[in-house]
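Here the protein sequences come in this chain order: A and B. Numbers in this note's numbering are just positions in the first sequence, counted from 1, shifted up by 20. Numbers in this note's numbering are just positions in the second sequence, counted from 1, shifted up by 799. All C-beta atoms in this analysis are idealised placements derived from N, C-alpha and C, irrespective of residue type, glycine included. Below is one structure; the comments refer to it alone.
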Amino acid sequence: MAEVAGLSGIGVCAGVAAGPLLRIADVPALPPPVAVTDAEAEIARASAALAEVVAFLEHRADRATDETVAEVLRAEAMMAGDEALLDGVRDHVEGGADAVHAVSLAFGTYREAFEAAGGYLAERVADLDDLRNRAVALLLGRPMPGVPQPGHPYVLAAKDLAPADTADLDPAQVMALVTEVGGPTSHTAILARALGLPAVVSCPGVLDIAEGTLVLVDGATGRVDAGVEQSVAEAAVRGAAEVAAAVAALTGPGQTSDGYGVKLLANVGSAKNVPAADEVHAEGVGLFRTELLFLDRTREPGRDEQVEAYREVFSAMRGRRVVIRTLDAGADKPLPFLNQEGEPNPALGVRGLRVARQRPEVLTTQLAAIAEARAQTGADVWVMAPMVSTITEAASFAAAVREAGLPRAGVMIEVPAAALRARDLLRVVDFLSIGTNDLSQYTFAADRMCGALADLLDPWQPALLQLIGICGEAGRAAGKPVGVCGEAAADAALAPILVGLGVTSLSMSPRAVPAVRAALAGVTEADCRRLAELAVAAPDATGARKAAGL
Amino acid sequence: MPTRTVAVGSASGLHARPAKIFVEAAAAAPVKVTIRVGDKKPVPAKSMLSVLALGAKQGTEVTLEAEGDGAEQALTELATLLATDLDASDG
Chain A
21 MAEVAGLSGI GVCAGVAAGP LLRIADVPAL PPPVAVTDAE AEIARASAAL AEVVAFLEHR
81 ADRATDETVA EVLRAEAMMA GDEALLDGVR DHVEGGADAV HAVSLAFGTY REAFEAAGGY
141 LAERVADLDD LRNRAVALLL GRPMPGVPQP GHPYVLAAKD LAPADTADLD PAQVMALVTE
201 VGGPTSHTAI LARALGLPAV VSCPGVLDIA EGTLVLVDGA TGRVDAGVEQ SVAEAAVRGA
261 AEVAAAVAAL TGPGQTSDGY GVKLLANVGS AKNVPAADEV HAEGVGLFRT ELLFLDRTRE
321 PGRDEQVEAY REVFSAMRGR RVVIRTLDAG ADKPLPFLNQ EGEPNPALGV RGLRVARQRP
381 EVLTTQLAAI AEARAQTGAD VWVMAPMVST ITEAASFAAA VREAGLPRAG VMIEVPAAAL
441 RARDLLRVVD FLSIGTNDLS QYTFAADRMC GALADLLDPW QPALLQLIGI CGEAGRAAGK
501 PVGVCGEAAA DAALAPILVG LGVTSLSMSP RAVPAVRAAL AGVTEADCRR LAELAVAAPD
561 ATGARKAAGL
Chain B
800 MPTRTVAVGS ASGLHARPAK IFVEAAAAAP VKVTIRVGDK KPVPAKSMLS VLALGAKQGT
860 EVTLEAEGDG AEQALTELAT LLATDLDASD G
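In structure tokens:
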């Protein structure tokens with residue numbers, strides 16, 4: 021019997037799955053240079069490796085279902101097969117380098133040029149590195165780096181997942197994700213929730229497990245058991261599926277066991293997400309992100325195009341609330357038509373509502389389009405602005421919303437300054453919606469994408485909960501709604517605490533709705549308030565979890 | 800030698816899709832075409848990596864050169880392509 025090893029990390033997407041563990045192959049280190057005796061043979065080896073990379077990428081492009089992905093892969097294939105690159109390889113081999121080093125040096129020339137050019141090209145450096153690493157791995161007789169495609173179900177282990185890995189991730193093969201680093205807002209976590217894959221992050225030791233070992237992953241508790249018996253794993257997966265089915269069977273509006281109502285809403289990016297929201301009986305949309313329409317555009321989408329996109333969601337949600345967020349550009353979502361390149365620190369730059377300082381017409385066009393779509397559908401439309409810091413900003417946004425003929429204006433709470441002045445904000449707007457991912461980032465001065473700071477970005481951090489509490493109190497005093505629409509809203513264990521802090525609606529990935537509904541159904545409103553007090557009083561995130569009985 | 804100097808018309812510069820369209824057209828030309836920015840070293844126009852590495856943005860002036868039969872016509876066609884906003888078909 022194999023030795024069973026239990027590891028633990030942070031569960032970021034609930035669910036239980038088991039399968040053989042496979043790792044994302046590492047980038048191979050360059051061996052010491054070897055003296056070249058037969059230059060032509062070295063050039064031929066390098067050329068063959070590059071040709072194999074080209075063939076691999078073209079094969080993947082042919083199989084890609086998404087046309088954009090296919091186009092990106094073909095562009096990469098073109099680079100790997102570039103004649104000028106091969107000329108560079110030849111020059112380096114003739115200069116005495118072996119095939120591996122010649123390939124690496126030849127890519128290096130372009131890498132430098134791309135980095136020097138900045139902007140779009142600097143972002144393509146990762147693509148060049150990927151091509152180089154693939155060719156180097158082939159020359160060294162190692163597996164190509166990247167997500168394995170074994171053709172059977174498995175559990176994927178990695179140090180962390182990069183956005184580029186997600187294109188390769190086949191949900192038919194990957195059963196669960198486990199990463200050594202990363203936090204609740206890392207790409208791994210976001211991807212896992214989008215795909216509904218059980219996932220554990222920040223799990224030290226996972227990379228020491230031998231390839232192919234059967235592992236059992238519990239994305240709720242964060243536990244990862246390696247070397248379990250097949251029968252034990254199967255029983256655990258089956259048991260979890262039964263519990264999940266029972267949870268999913270609960271329907272109806274969100275409420276505590278004593279009938280205190282909490283609206284359970286869905287986060288959507290387009291009408292495509294509405295069926296998923298319907299499936300889990302979401303009571304409306306708590307965050308309609310409008311960026312999708314603007315991404316990758318060199319020009320602002322026209323008013324009619326916007327009306328059409330908004331109308332689709334509004335009519336699909338007819339009779340229910342739709343909270344639509346105006347364009348949240350900047351930081352991790354730069355938009356070409358706004359020419360935002362060159363900000364030294366984009367997360368602290370002109371993003372969200374701040375764009376309206378320079379380009380007020382983008383906001384007024386969007387509000388006019390929202391108003392028109394609302395008029396055509398009669399939906400219960402609420403409009404909110406991202407990245408608001410001051411009462412002045414909130415008041416001018418609310419005025420623009422009313423000017424457009426829209427009935428309800430709100431602001432997102434992502435900046436600590438706004439949370440501290442929640443009471444004043446509610447004098448000028450109708451509701452607040454707390455974006456916990458950014459609020460964490462700005463409260464703890466910790467980059468959302470920085471895996472090494474995952475503990476600071478934990479939504480259970482008492483300081484974050486305290487800021488949420490200030491907003492909740494302000495909402496209670498004003499009799500106005502306060503929602504949460506960040507990743508924290510999808511944490512079923514945290515839901516009672518958020519409600520206890522005064523939050524009146526939770527908006528999340530549709531997949532998270534059943535578990536949150538079940539968590540609220542198991543507590544009274546008084547329980548929520550007591551748990552909230554304990555969590556805020558805890559010294560740290562671990563203490564807050566303990567206080568909640570986790 | 801037949802030469803054309805033209806300002807890049809694509810809004811995103813000579814990157815991504817515009818670069819791909821240009822490189823493919825250059826590869827299909829009957830003559831060997833080079834491209835350069837200012838007095839820098841000319842690079843093969845059918846090399847995606849070399850064209851990208853020029854870092855040409857919208858409005859950057861680039862010079863095309865080619866020699867041989869059909870060079871004039873090939874350069875005219877490629878120069879027209881470069882001057883066009885190839886991002887405009889994004890929809």
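Closest by C-alpha distance to residue i, when choosing among the options
i	options	result
residue 213 of chain A	A:163, A:153, A:35, A:387	A:35
residue 230 of chain A	A:426, A:24, A:156, A:254	A:24
residue 189 of chain A	A:476, A:491, A:42	A:42
residue 624 of chain A	A:243, A:413, A:402	In the structure as shown, chain A begins at 21 and stops at 570. Residue 624 of chain A is therefore absent and cannot be evaluated.
residue 528 of chain A	A:364, A:504, A:199	A:504
residue 404 of chain A	A:362, A:565, A:440, A:307	A:307
residue 852 of chain B	A:45, A:155, A:144, A:301	A:144
residue 864 of chain B	B:817, B:844, B:814	B:844
residue 40 of chain A	A:173, A:102, A:122	A:173
residue 383 of chain A	A:365, A:327, A:417, A:142	A:417
residue 366 of chain A	A:175, A:488, A:458	A:458
residue 101 of chain A	A:84, A:91, A:67	A:67
residue 226 of chain A	A:543, A:488, A:26	A:26
residue 342 of chain A	A:312, A:561, A:284, A:324	A:284
residue 129 of chain A	A:368, A:104, A:347	A:104
residue 818 of chain B	B:841, B:842, B:855, B:867	B:855
residue 345 of chain A	A:421, A:76, A:142	A:421
residue 2 of chain A	A:89, A:348, A:391	Residue numbering for chain A in the displayed model covers 21 to 570; residue 2 of chain A lies beyond these limits and cannot be assessed.
residue 312 of chain A	A:299, A:300, A:326	A:326
residue 380 of chain A	A:413, A:438, A:462	A:413
residue 485 of chain A	A:530, A:336, A:531, A:559	A:559
Beta carbon of residue i nearer than 8 Å to that of residue j
i	j	result
residue 70 of chain A	residue 124 of chain A	no
residue 408 of chain A	residue 431 of chain A	yes
residue 201 of chain A	residue 228 of chain A	no
residue 568 of chain A	residue 555 of chain A	yes
residue 507 of chain A	residue 321 of chain A	no
residue 152 of chain A	residue 134 of chain A	no
residue 303 of chain A	residue 243 of chain A	no
residue 491 of chain A	residue 454 of chain A	yes
residue 253 of chain A	residue 38 of chain A	yes
residue 334 of chain A	residue 233 of chain A	no
residue 801 of chain B	residue 871 of chain B	yes
residue 94 of chain A	residue 78 of chain A	yes
residue 869 of chain B	residue 822 of chain B	no
residue 474 of chain A	residue 198 of chain A	no
residue 160 of chain A	residue 120 of chain A	yes
residue 496 of chain A	residue 520 of chain A	no
residue 74 of chain A	residue 97 of chain A	yes
residue 499 of chain A	residue 552 of chain A	no
residue 443 of chain A	residue 494 of chain A	yes
residue 337 of chain A	residue 240 of chain A	no
Neighbouring residues, chain A, relative to residue i (Cβ below 8 Å)
i	result
residue 847 of chain B	95, 98, 99, 102
residue 842 of chain B	104
Rounded Cβ spacing between residue i and residue j (contact assumed at less than 8 Å)
i	j	result
residue 873 of chain B	residue 828 of chain B	4 Å
residue 196 of chain A	residue 178 of chain A	Between residue 178 of chain A and residue 196 of chain A the Cβ distance is about 12 Å, and since that is not below 8 Å, they are no contact.
residue 356 of chain A	residue 317 of chain A	6 Å
residue 274 of chain A	residue 540 of chain A	6 Å
residue 223 of chain A	residue 525 of chain A	Their Cβ separation, rounded to whole angstroms, is 32 Å, which puts residue 223 of chain A and residue 525 of chain A out of contact at 8 Å.
residue 167 of chain A	residue 44 of chain A	6 Å
Interface residues of chain A facing residue i [CB-CB closer than 9 Å]
i	result
residue 819 of chain B	91, 94, 95, 98
Where residue i meets chain B, residues with beta-carbon distance less than 7 Å
i	result
residue 105 of chain A	848
residue 76 of chain A	Those within 7 Å of residue 76 of chain A in chain B number zero; the least Cβ separation is about 17 Å.
residue 349 of chain A	None at all; the shortest Cβ gap to chain B is about 16 Å.
Closer than 7 Å: residue i CB and nearest the ligand MN heavy atom
i	result
residue 431 of chain A	The ligand MN is not part of this structure, which contains no ligands at all.
Closer than 9 Å at the beta carbon, the chain B residues around residue i
i	result
residue 314 of chain A	Result: empty, since nearest Cβ-Cβ is about 12 Å, beyond 9 Å.
residue 130 of chain A	848, 849, 851, 852
residue 122 of chain A	The contacting residues do not exist; residue 122 of chain A stays about 15 Å from chain B at best.
residue 69 of chain A	Here the premise fails: no neighbours, minimum Cβ distance about 16 Å.
Chain-ordered neighbours of residue i on chain B, where CB pairs are closer than 8 Å
i	result
residue 356 of chain A	810, 811
residue 140 of chain A	811, 812, 814, 815
The region 800 to 817 of chain B touching the region 103 to 122 of chain A, judged by at least three CB pairs closer than 8 Å:
no
Do the region 278 to 292 of chain A and the region 300 to 315 of chain A touch if we need at least three Cβ pairs shorter than 8 Å?
yes
Any chance the region 365 to 382 of chain A sits against the region 269 to 280 of chain A, with 3 or more Cβ pairs inside 8 Å?
no
Could you tell me whether the region 253 to 269 of chain A touches the region 44 to 63 of chain A, using the rule of 3 or more Cβ pairs below 8 Å?
no
Contacting positions in the region 317 to 338 of chain A - beta carbon closer than 8 Å to chain C
Here the protein chains are A and B, and chain C is not one of them.
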